[in-house]
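**Q** Those protein sequences? They're chains B, X and P, same order as listed.
One rule links them: number in the numbering used here = place in the first sequence (from 1) + 2.
One rule links them: number in the numbering used here = place in the second sequence (from 1) + 5.
One rule links them: number in the numbering used here = place in the third sequence (from 1) + 3.
First the structure, then my questions, so here it is.
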Amino acid sequence: MAIPLKYNARSMWVRWISTIMVIVVIAGVTTILIFWTAMGTGLEKTLVGTGHPLNLIVLRPRQTETTSAIDRAQATDIAALEGIQKDARGEPLASFELVAVAGHLMVNGKKSNLAVRGIGPRSLELRDGLHLTAGRWPNPGLGELAAGKGAQRRFKELNVGDRPFIRGRQWTVVGSFEAGGQAYESEVWGDIEDLKTQFKRDYSTVIVRARDANSMDNIIRLIAADKRLQLEARPHAEYYRSQNQSGEMMKGIGFMIGIVMAIGALFGAANMMYAAVASRKREIATLRVLGFGRLAIGFSFILESAFVGFCGGVLGAIVSRIFIDGITSGTANWETFTDLSFNFRVTPELMVSGVIMAVFVGALGGLFPAWRASRTTIAHALRGL
Amino acid sequence: MKYLRLILRNALRNKLRTGLTVGGTAFLMFVLLFISTALTEMEAWEGEAAKHDRIAIQHSSGLANPLPIELENFLRGEEVSRHGHQLQKMNWFGGWWQDRSNWFANLAVDHPIHRELWSEQKIPDDVQARWAEVKSGAIVGKALAEKFGWKVGQRISLLSNLYSCVPELEIVGYFTVPSDIRQEQQLFFRWDYLDELMNGRKIVGTYWMSARSAADVPKLKEIIDGHTRNSSDPTETVTEKEFAAQFMAMMGNIKGVVFFIVVGVMLIMTLMTANTVAMSARERVTEVAVLRTLGFTQGKILFLILTEGLLLSLVGLLVPLSGALLLFNVWKVSPNPQWFPYFFIEPGTIVLAAGVALVSGLLAASIPAWLSARRKIVDGLRQVV
Amino acid sequence: MAEPVVSVRGVAKIYRRDSQEIPVLENIDLTVAPGESVAMMGPSGSGKTTLLNLIAGIDRPTRGSIEVAGQALDGMSERELAKFRSRHIGFIFQLYNLIPVLTAFENVELPLLLTRLSKAERRTHVMTALDVVGLTDRIAHYPRQLSGGQEQRVAIARAIVTDPTILLADEPTGDLDKRSEEEVLILLKRLNREFKKAIIMVTHDPKAAASAQRTVMLEKGALVTA
Chain B
3 MAIPLKYNAR SMWVRWISTI MVIVVIAGVT TILIFWTAMG TGLEKTLVGT GHPLNLIVLR
63 PRQTETTSAI DRAQATDIAA LEGIQKDARG EPLASFELVA VAGHLMVNGK KSNLAVRGIG
123 PRSLELRDGL HLTAGRWPNP GLGELAAGKG AQRRFKELNV GDRPFIRGRQ WTVVGSFEAG
183 GQAYESEVWG DIEDLKTQFK RDYSTVIVRA RDANSMDNII RLIAADKRLQ LEARPHAEYY
243 RSQNQSGEMM KGIGFMIGIV MAIGALFGAA NMMYAAVASR KREIATLRVL GFGRLAIGFS
303 FILESAFVGF CGGVLGAIVS RIFIDGITSG TANWETFTDL SFNFRVTPEL MVSGVIMAVF
363 VGALGGLFPA WRASRTTIAH ALRGL
Chain X
6 MKYLRLILRN ALRNKLRTGL TVGGTAFLMF VLLFISTALT EMEAWEGEAA KHDRIAIQHS
66 SGLANPLPIE LENFLRGEEV SRHGHQLQKM NWFGGWWQDR SNWFANLAVD HPIHRELWSE
126 QKIPDDVQAR WAEVKSGAIV GKALAEKFGW KVGQRISLLS NLYSCVPELE IVGYFTVPSD
186 IRQEQQLFFR WDYLDELMNG RKIVGTYWMS ARSAADVPKL KEIIDGHTRN SSDPTETVTE
246 KEFAAQFMAM MGNIKGVVFF IVVGVMLIMT LMTANTVAMS ARERVTEVAV LRTLGFTQGK
306 ILFLILTEGL LLSLVGLLVP LSGALLLFNV WKVSPNPQWF PYFFIEPGTI VLAAGVALVS
366 GLLAASIPAW LSARRKIVDG LRQVV
Chain P
4 MAEPVVSVRG VAKIYRRDSQ EIPVLENIDL TVAPGESVAM MGPSGSGKTT LLNLIAGIDR
64 PTRGSIEVAG QALDGMSERE LAKFRSRHIG FIFQLYNLIP VLTAFENVEL PLLLTRLSKA
124 ERRTHVMTAL DVVGLTDRIA HYPRQLSGGQ EQRVAIARAI VTDPTILLAD EPTGDLDKRS
184 EEEVLILLKR LNREFKKAII MVTHDPKAAA SAQRTVMLEK GALVTA
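Okay, here's the thing in structure tokens:
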């Protein structure tokens with residue numbers, strides 16, 4: 003029969019200082035692991051998931067929005083292609099845009115690059131999940147900007163009413179918008195003609211929405227085949243996903259660090275359990291005499307150390323949720339060199355994973371001590387060695 | 006030291022426990038070494054830059070914005086020449102060879118002045134001569150050439166997401182950088198060739214030059230930035246160190262993250278060691294009382310236990326340190342060869358690790374040591390062994 | 004009479020537990036002459052071990068004064084008491100209390116580590132002490148490899164290695180078999196008669212007490228005979 007858990011619970015309490023130390027150790031490792039994963043996931047969530055599945059983004063081959071150049075004639079040609087969705091009035095759902103990069107002071111006093119996008123009438127329609135939170139969208143010709151929530155958090159002077167100096171000219175921020183964490187939130191938007199004039203550039207981007215998946219492939223092929231155009235079309239979502247290199251690397255490193263630290267914590271848990279087993283030899287022998295089997299004893303010890311792991315994991319998960327979830331940070335998008343703001347996201351799934359890992363660490367740590375406990379020979383222990 | 010034998014024997018009294026503690030600490034220490042090295046690698050350029058007096062002149066709105074060619078005349082003019090010389094135009098090409106994963110540093114530069122300005126790069130005379138002859142020539146760092154298997158005379162083409170042209174380069178020779186091997190991961194081709202490919206548009210990425218002395222640097226900043234302040238392309242003149250630091254700043258609060266992990270690891274290590282020292286101190290209550298009866302002062306008892314903690318931590322450092330030195334410095338393994346072509350453990354990291362081990366060991370043993378020293382002798386003797 | 008080596012005057016010891024006061028010793032007056040051997044007897048709980056601890060300087064009296072080897076223990080700091088013990092006291096415990104991770108040799112050497120003697124000088128003293136107790140053939144043994152009697156003799160060697168002024172023994176034969184008991188008592192007698200060491204021995208065994216020159220009785224914290 004199984005050992006009443008009450009027995010394990012009480013003996014744990016008696017060695018409470020030792021137990022608490024191990025719980026804190028496991029909690030610490032869990033927290034660090036969750037921290038790192040939340041960073042990688044947060045970064046990933048801004049990029050993966052941005053871009054409507056039927057959208058295509060057209061750029062110069064291999065270029066990003068910041069370095070590509072498309073003139074009006076090319077843009078109009080693209081908008082006229084077969085397969086592009088039309089709105090109620092029969093106009094193609096296509097947007098001509100421009101992204102410029104401007105060095106700007108961040109809230110932390112350092113400088114980074116801000117993405118400034120020139121938008122047209124279709125820009126909002128082509129993007130899901132976008133809405134104004136304050137003020138209004140910029141009007142043409144007046145040097146007005148709407149700032150994304152992420153950009154506002156990271157950079158100075160981007161709140162409604164501010165008049166920041168960007169690329170040699172003063173602008174006025176007339177609105178804020180948010181986009182559910184998508185990459186757009188790290189941008190500042192102005193009128194396309196304004197930007198074209200101010201930054202002396204052509205359009206950089208054309209975004210179109212295909213009618214369906216087949217039309218998408220079709221459009222891609224058409225544009226690739228057109229030698230005159232010299233442009234390339236990519237699925238909008240894939241364009242953003244491909245920029246997630248740092249997120250990938252972050253996750254990879256985090257995974258490695260997590261494993262190594264978990265092994266360290268495992269040693270700590272094992273230490274505690276060996277001490278527990280050693281100090282309870284007599285009790286174990288007594289239980290055996292009473293009729294509890296080897297397996298039951300071993301198992302109860304594994305359960306005990308798994309529970310310690312569980313406590314540590316829960317503590318770590320809660321601490322992470324409280325202190326790490328929601329932290330705003332940002333890093334340079336390595337393709338465009340513009341700042342990408344993201345939030346550390348400690349999701350319930352992540353917390354559960356952390357707890358599961360902690361339980362695992364605890365259980366594994368207790369494996370050999372439990373085995374030793376189950377091997378305690380009765381006579382040996384009762385003699386009180 | 007005459008007490009070493011006693012301390013050592015006590016530490017080894019429970020080999021399993023000591024082994025698990027040292028083992029656990031070792032894994033955590035490895036993480037610390039790893040993360041500290043990653044940070045050091047990222048900051049390596051800044052460290053090297055401090056050895057020279059070079060400055061970079063970039064657009065005040067960020068590196069993404071080109072500078073006008075007209076500025077060159079001013080920079081060669083008398084006012085500037087009084088404080089600086091060895092002017093060079095440099096464009097970051099941002100290209101890769103064949104596959105995106107073969108990404109490395111490739112730059113278009115004014116070739117005549119390159120050797121003087123970047124004097125630590127050793128370019129043989131014949132290579133320099135050939136470079137002057139062949140417009141599409143490129144010099145490659147020896148380490149980079151070895152990495153990709155490039156031979157002198159080989160033709161390679163580079164694709165970029167910053168420029169739409171495709172340079173077809175001929176490798177005219179290697180350069181070595183004995184004092185800073187990291188610089189050998191670069192390739193330089195001719196600025197006039199890039200300009201030709203870009204149809205003579207004379208786009209300058211950055212200007213670099215050497216200040217005549219450290220005192221001339223602030224003067225240069227004043228003169229140059231002052232001159233361009235009211236133009237359409239204002240500049241920001243920075244030292245090479247500041248230039249390098251920009252990239253770190255763009256990446257985000259790396260230092261903060263690393264600091265968080267280091268502190269976390271240290272706390273976890275300390276707890277693990279503390280647990281062990283506490284357990285062993287609890288077992289030696291009578292022994293301590295006997296020592297004090299023999300005439301050992303409280304101070305000596307403190308010393309004995311603190312040293313034991315210290316010893317545990319230091320041994321917990323030795324193992325991962327040797328392993329890491331072997332892995333990274335001898336076998337030259339890198340966690341991500343693309344981002345980190347070099348991943349060496351530097352003396353600074355070793356000092357940091359030693360410091361952490363020291364503090365951790367002392368902290369861990371502090372409370373058990375204090376409690377042991379403070380206990381009344383008679384109380385200690387009263388305990389049943 | 005020459006200056007007494009131990010002089011206890013009006014000493015009382017009261018333990019405070021929670022808010023209760025438990026008196027263990029009351030108004031003790033005791034003197035021990037140099038080279039004298041004294042046995043302290045009495046039922047358990049009579050305070051004899053406590054008195055021994057006070058004389059050794061490992062506990063402090065609540066009232067009264069204690070002078071050992073001409074030094075007043077009263078005003079001494081912990082540090083000074085440690086130094087005092089190292090120089091003047093050789094303590095022998097009932098349960099030997101050898102350090103299990105040290106060999107017999109190293110155990111005896113332990114008190115000498117507190118002195119400035121060189122390694123070679125320490126070795127000489129240790130071998131001398133071990134010779135006196137007759138255990139020079141077991142110097143590399145660990146306590147667990149020794150019998151009870153041998154352990155106690157190592158403990159005695161440890162107690163005499165610094166040439167202390169006085170030996171204090173707390174039930175030195177309490178845990179030994181008959182033969183070892185005799186060996187230890189003979190040894191202690193020799194240390195007293197031949198080497199002129201003053202000894203105070205706490206015991207409840209009349210045979211052990213008989214080997215001493217004088218016996219004092221403690222009952223309920225008071226001396227019944229002086």
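Beta carbons are placed, not taken as given, at the ideal position from N, Cα and C, and that holds for glycine.
1) Comparing C-alpha positions only, which one of B:E337, B:T43, B:E99, B:G152 sits nearest to V109 of chain B?
2) When the distance is taken between beta carbons, is T39 of chain B closer than 8 angstroms to G368 of chain B?
3) Would DSSP call H88 of chain X helix, strand or coil?
4) What is the C-beta distance between A42 of chain P and F94 of chain P, in whole angstroms, given that I count them as a contact (C-beta under 8 angstroms)?
5) According to DSSP, is T118 of chain P helix, strand or coil?
6) Does chain B have any CB closer than 8 angstroms to the CB of T281 of chain X?
7) So for T52 of chain P, helix, strand or coil by DSSP?
8) Determine the chain B residues that contact P71 of chain X at a beta-carbon separation under 8 angstroms, and present them in chain order.
9) Could you pull out every unbroken alpha helix (DSSP H) segment of at least 4 residues lying fully inside the stretch 22-102 of chain P, listed in chain order?
10) Which runs of the beta strand (DSSP E) at least 3 residues long sit entirely within the stretch 166-250 of chain B? Give them in chain order.
11) Roughly how many angstroms lie between the CA atoms of E356 of chain B and E146 of chain B, to the nearest whole one?
12) Pull up the distance between the alpha-carbon of I19 of chain B and that of I169 of chain P, whole angstroms please.
13) Select from B:A278, B:T288, B:R290 the residue whose C-alpha is nearest the C-alpha of E306 of chain B.
14) In terms of DSSP beta bridges, what is T333 of chain B paired with?
15) By the three-class DSSP mapping on this structure, what secondary structure does G142 of chain X have?
16) Restricting to Cα atoms, I'd like to know which of B:I59, B:E195, B:G270 is closest to A360 of chain B.
17) Nearer than 7 angstroms: is that true of the beta carbon of G353 of chain X relative to any heavy atom of the ligand GDP?
18) Note down, in chain order, each residue of its chain lying with its Cβ closer than 6 angstroms to the Cβ of T211 of chain X, except the 5 sequence neighbours on either side.
19) Buried or exposed: which applies to W336 of chain X, given that a residue is buried once 16 or more other Cβ atoms fall within 10 Å of its Cβ?
20) Quick check: is the beta carbon of G146 of chain X nearer than 8 angstroms to any beta carbon in chain B?
21) Please report how far the alpha carbon of A226 of chain B lies from the alpha carbon of L160 of chain B, in whole angstroms.
22) To the nearest angstrom, how far is the alpha carbon of I273 of chain X from that of A254 of chain X?
23) Please confirm whether A372 of chain B has its beta-carbon closer than 8 angstroms to some beta-carbon of chain X.
24) Give me, in chain order, the residues of the same chain whose beta-carbon lies closer than 6 angstroms to that of V390 of chain X; leave out the 5 immediate sequence neighbours on both sides.
25) Assign S70 of chain B to buried or exposed, taking buried as 16 or more other Cβ atoms, counted over all protein chains shown, within 10 Å of its Cβ.
26) With a 10 Å radius around its C-beta and 16 neighbouring C-beta atoms as the bar for buried, classify P342 of chain X as buried or exposed.
27) Tell me whether the beta-carbon of A235 of chain B lies closer than 8 angstroms to the beta-carbon of L58 of chain B.
28) Using the beta-carbon of each residue, which ones in chain X are nearer than 8 angstroms to M359 of chain B?
29) Who are A61 of chain X's beta bridge partners in DSSP?
30) Who are the near neighbours of S106 of chain X in its chain, counting only those whose CB is closer than 7 angstroms to its CB and skipping five residues on each side?
31) Which residues in the same chain as I12 of chain X place their Cβ atom closer than 7 angstroms to its Cβ, once the five residues preceding and following it in sequence are excluded?
32) Inspect the CB distances between the stretch 198-214 of chain P and the stretch 159-179 of chain P and report whether three or more fall short of 8 angstroms.
33) Assign M275 of chain B to one of two classes, buried (16 or more other C-beta atoms within 10 Å of its C-beta) or exposed (fewer than that).
34) Beta-carbon of V390 of chain X versus every beta-carbon of chain B: anything under 8 angstroms?
35) Which chain B residues are close to N341 of chain X, counting only those with a beta carbon under 9 angstroms from its beta carbon?
36) Using 8 angstroms as the threshold, is the C-beta distance between A102 of chain B and L132 of chain B below it?
**A** Well, looking at it:
1) B:G152
2) no
3) coil
4) Rounded, the Cβ-Cβ distance is 16 angstroms, inconsistent with contact.
5) coil
6) yes
7) helix
8) Those do not exist, as P71 of chain X stays about 11 angstroms from chain B at its closest Cβ, beyond 8 angstroms.
9) 51-59, 81-91
10) 174-180, 189-193, 207-211, 234-237
11) In the sequence on display, residue 356 of chain B carries Gly and not Glu. Roughly 46 angstroms between the two C-alpha positions.
12) 42 angstroms
13) B:A278
14) B:L342
15) strand
16) B:G270
17) Summarising the ligand content, the structure contains no ligands, and the ligand GDP is consequently not present.
18) A61, Q63, M95
19) exposed
20) no
21) 39 angstroms
22) 29 angstroms
23) no
24) Interpretation of V390 of chain X is limited by its pLDDT of 36, a score under 50 that renders its predicted location unreliable; no figure is taken from the coordinates.
25) buried
26) exposed
27) yes
28) Going along chain X, no residue has its Cβ under 8 angstroms from M359 of chain B, so there is no contact; the nearest lies around 15 angstroms.
29) X:W213, X:V243
30) Q343
31) L309, T312, E313, L316
32) yes
33) buried
34) Residue placement at V390 of chain X is flagged as unreliable, the pLDDT there being 36, under the threshold of 50; the coordinate-derived value follows with that caveat. Not an interface residue.
35) M251, G254, I255
36) no
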